[in-house]
Every structure is written in C-alpha cells, then in structure tokens.
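Each residue of the sequence shown is one higher than the one before, starting from 141 at the first, in the working numbering. In this text, a Cβ means the ideal position worked out from N, Cα and C, and glycines have one as well. Below you'll find the structure, written out as structure tokens, and then a few comments.
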Amino acid sequence: MLTFYALRLTGGDPHRAEEAVQEAFARACRHPGVLDPARGSARAWLVTTVRNILIDDSRTPRVRLAAAAADTALADRQAPLDDIDRMLTVTLLGDALASLSEPHRQLIVRYYYGGHSLDDVSTELGIPLGTAKSRLYYGLRALRSALEERGLHT
C-alpha cells in the first residue's frame with residue numbers, strides 16, 4: 141500500500157518510490173517510539189513520512205536541475221533555438237544577474253548553478269539559514285523583474 145502511494149506521488153517512478161519507502165522504514169527503525177500505538181497510527185506516520193521525504197527530495201537542487209534539463213530538452217525538440225537566440229538569452233540572463241545586489245547574486249549562483257543546498261550556502265556565506273532563505277526569495281523576485289525588463293518572461 142505504501143509503495144503504491146509513493147508511486148502515485150512520484151508520477152510512476154519506481155526507483156524514487158522505493159527509495160522513499162525504504163527511507164521511511166529506516167527512520168522508523170532509528171526512532172521506534174514513533175510507531176507506538178499510544179502516539180497514533182503507525183500507518184499515518186509512515187504515509188506522512190513518505191510524502192515529506194518526496195517533497196524534500198523534489199526541493200533539492202539536484203532534482204530541480206534534472207527537471208530543468210528535461211524541460212530544456214523537451215523545448216529543444218519542440219522548437220529548437222538557433223545559436224543567436226541562445227547566445228542572446230545567455231547574455232540577457234548574465235546581464236540580469238549582474239544587475240542584482242552582490243548578496244542576492246552570490247546566493248542564487250551558489251544555490252541554483254553551484255548545486256549547493258541552502259544550508260551549505262548559508263554556512264559558506266556565514267549567514268543564518270533564515271537570512272539565506274529571505275535573500276533567495278527576494279533575489280529571485282529581483283531577477284524575475286530584471287528578466288522581464290529585458291523582454292524575457294519567466
């Protein structure tokens with residue numbers, strides 16, 4: 141039952157589903173108290189844990205970069221951009237990034253393009269995690285505005 145639930149959440153990816161279920165059971169083994177009937181249903185805990193594992197997994201830069209690469213590959217097959225359009229897009233993106241404040245640019249580049257976790261980036265920059273989250277949020281808003289000013293719509 142748990143594997144079928146995970147399969148549905150992953151869009152039918154059996155490897156991600158099995159990984160999530162295994163991780164949920166591993167967490168249950170590390171913390172057996174969570175399966176105590178006095179605390180509630182073990183089934184509900186396992187279902188919630190699998191869901192949270194998959195949500196966390198989908199938020200990692202590795203998954204986002206893979207999804208972006210898949211979207212790019214699909215877009216290339218549907219309407220291939222010629223070299224001049226690609227060069228223009230890269231130039232506009234670089235220009236938009238350059239228009240951001242240094243703290244916002246550092247965070248976006250390290251998080252999205254460097255593939256680091258937000259925890260790692262906050263540690264590298266010597267700032268609290270909450271500050272990193274806030275800078276990322278406002279930096280992305282500023283980047284979106286800068287791209288729209290340059291004619292690229294996100």
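Inset, instruction - Would you give the residue range spanned by the alpha helix (DSSP H) that residue 249 belongs to? - result: Premise fails: residue 249 is in no alpha helix (DSSP H) and is neither H nor E.
Legend entry - Three or more C-beta pairs below 8 Å linking the stretch 263 to 275 and the stretch 229 to 240: no
Inset, instruction - Go ahead and label residue 219 buried or exposed: buried means 16 or more other beta carbons lie within 10 angstroms of its beta carbon, across all protein chains shown. - result: With a pLDDT of 49 at residue 219, under the threshold of 50, the modelled position of this residue cannot be trusted; read the value that follows with caution. Burial call: exposed.
Inset, instruction - Please state whether DSSP places residue 257 in a helix, a strand or coil. - result: coil
Inset, instruction - Just tell me which of 188, 190 and 273 has its CA closest to the CA of residue 259. - result: 273
Inset, instruction - Round the Cβ separation of residue 193 and residue 166 to the nearest angstrom and send it over; I've been treating them as touching at under 8 Å. - result: Not a contact, Cβ separation roughly 10 Å.
Inset, instruction - Spatial neighbours of residue 250 within its chain, please: CB distance less than 6 Å, with the 5 preceding and 5 following residues excluded, ordered by chain position. - result: 256 and 261
Legend entry - Start and end residues, alpha helix (DSSP H) containing residue 196: 182 to 199
Inset, instruction - Report the rounded CA-to-CA distance for residue 187 versus residue 159, giving the unit in angstroms. - result: 14 Å
Legend entry - Cβ-Cβ distance between residue 146 and residue 190 below 8 Å: yes
Inset, instruction - Note the first and the last residue of the continuous alpha helix (DSSP H) segment covering residue 161. - result: 154 to 170
Legend entry - residue 150, DSSP secondary structure in three states: coil
Inset, instruction - Label residue 150 either buried or exposed according to how many other C-beta atoms from any shown protein chain fall within 10 Å of its C-beta, with 16 as the threshold for buried. - result: buried
Inset, instruction - Give every residue of the same chain whose Cβ lies closer than 6 Å to the Cβ of residue 243, excluding the five residues on either side of it in the sequence, and list them in chain order. - result: 275
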